[in-house]
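See below for the structure under consideration.
In our numbering, the protein residues as written are 683 to 823.
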């Protein structure tokens, strides 16, 4: 692929816009929201992502937080529910960034009793015949 289109992900003759890792962690330990935000920043770097901006909102004593880290490659977001020891985390990235490389740090931090992890390929260009020719003309495929 032309360097201009390095943000697309290719797997053989298949191409898609990005990878979306959905992480549900259950039975997590009680955590400090500032430490959580710092950990997520490091986890993004573990994945090979470039952190541009971080924002989180703490809903108060005993309540959770929600936040987003804007990446050059897309984003990481989370919604924390301490009342049921649960957190939902989304990591959406494009290019060579590997969201699964963030998992080790995230799991070590939260120490979940259970987890549901799902990796999706988003924006499958190869499955949209009308876009394949457009992408080929631009050097993406």
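For glycine and all other residues, C-beta sits at the position ideal for the given N, C-alpha and C.
Check whether residue i and residue j have beta carbons under 8 Å apart
i, j, result
"residue 804", "residue 733", "no"
"residue 792", "residue 711", "yes"
"residue 701", "residue 801", "yes"
Counted within 10 angstroms of its Cβ, other Cβ atoms place residue i as buried (16 or more) or exposed
i, result
"residue 722", "buried"
"residue 762", "buried"
"residue 773", "buried"
"residue 820", "exposed"
"residue 790", "exposed"
Nearest candidate by alpha-carbon position, reference residue i, set the options
i, options, result
"residue 770", "720, 695, 708, 725", "708"
"residue 731", "758, 717, 815", "758"
"residue 745", "760, 765, 726, 727", "765"
"residue 725", "801, 783, 792, 797", "783"
"residue 767", "750, 819, 797", "797"
"residue 714", "785, 703, 748", "748"
"residue 787", "719, 739, 818, 740", "719"
Reduced DSSP secondary structure (H/G/I, E/B, other) of residue i
i, result
"residue 771", "strand"
"residue 727", "helix"
"residue 807", "helix"
"residue 741", "coil"
Can you confirm whether the stretch 767-779 touches the stretch 741-759 when touching is taken to mean that 3 or more C-beta pairs between the two stretches lie within less than 8 Å? yes
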